[in-house]
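All residue numbers for the sequence shown refer to my numbering, where the first residue is 43 and numbers rise by one.
Ideal placement from N, C-alpha and C gives every residue a C-beta, glycine not left out.
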Amino acid sequence: MEAIILAGGFGTRLRTVVSDVPKPMAPMNDTGRPFLGVLLEKLAADGVTHVVLSTGYMSEVIERFFGNEYAGVRIDYSVEETPLFTGGAVQLALSRCQEETVFVLNGDTYFDVKMNEMCQFHADARADFTVAVKKMHDFDRYGTVEVQDGRIVSFREKRYCEDGWINGGVYCLRRSLLTDFPLTKFSLEKDFMEKKLTELKMVAFPSSGYFIDIGIPEDYALARKKFG
């Protein structure tokens, strides 16, 4: 299996606690084990053998730490010379992939999805794009995904919800899906996923696995307790 990890973010909201490295390199303990290392170890355990790290801000820090192999996973780099946003970053990184089906993950989010099961689900559904979703309760930090008979029919903006499905930031898609997309700088979520809902078969893969986004100091502290 093959995956792209989006690791080019600035980490603006984490600057008060992590200011000298890119957000995915935020240390999980005092020895400097980075969050991105946790993600790569999880992918390796799930059977992913090739990862493309999509980098931008302080890309040299990431490349110096991981090199071309980590935890048995072969690593390539797709470096944004100027910010391309999530869609452009994925579009560029897909050119370094070889398999027909590719996973995409956010470098600041851990979602314990069973990758083999998600890949099989994607194939069985004959989907163009599969989104790992998680049921959440009493939240306002995430947008929600509306699902009917397994198919995603809408994405809703962030608002308080008593319960709902959130987009967990783990995707499975056809490698050629963005080949003919006319933009090179765009949001994968807003400009592609939301606008292509009626054209593509986009399905939801429910998972109850552990989920955390380290984008704010409070959750970064929780991640250190979990992975430190």
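Point to revise | Which of helix, strand or coil DSSP assigns to I47 | key: strand
Exercise for review: List the whole-angstrom C-beta distance separating C161 from V94, where the pair is believed to meet the contact cut-off of C-beta under 8 Å.
Suggested key: Rounded, the Cβ-Cβ distance is 17 Å, inconsistent with contact.
Check your understanding: Where does Q190 sit, in a helix, a strand or coil, going by DSSP?
Key -> strand
Practice item. Give me whichever residues DSSP pairs with M178 in a beta bridge. Key: G206
Practice item. Could you please give the first and the last residue of the uninterrupted alpha helix (DSSP H) stretch that includes R106? Key: 101-108
Exercise for review: Pull up the CB-CB distance for A167 and V245, whole angstroms please, since I reckon it's below 8 Å.
Suggested key: 5 Å
Review point. Who does M244 pair with in a DSSP beta bridge?
Key: F171
Review point. Helix, strand or coil for P76 per DSSP?
Key: strand
Exercise for review: Give the straight-line distance between the Cα atoms of A265 and I254, rounded to the nearest whole angstrom.
Suggested key: 7 Å
Review point. Is there at least one Cβ from chain D nearer than 8 Å to F247's Cβ?
Key: The displayed structure is made up of one protein chain only, and chain D is not part of it.
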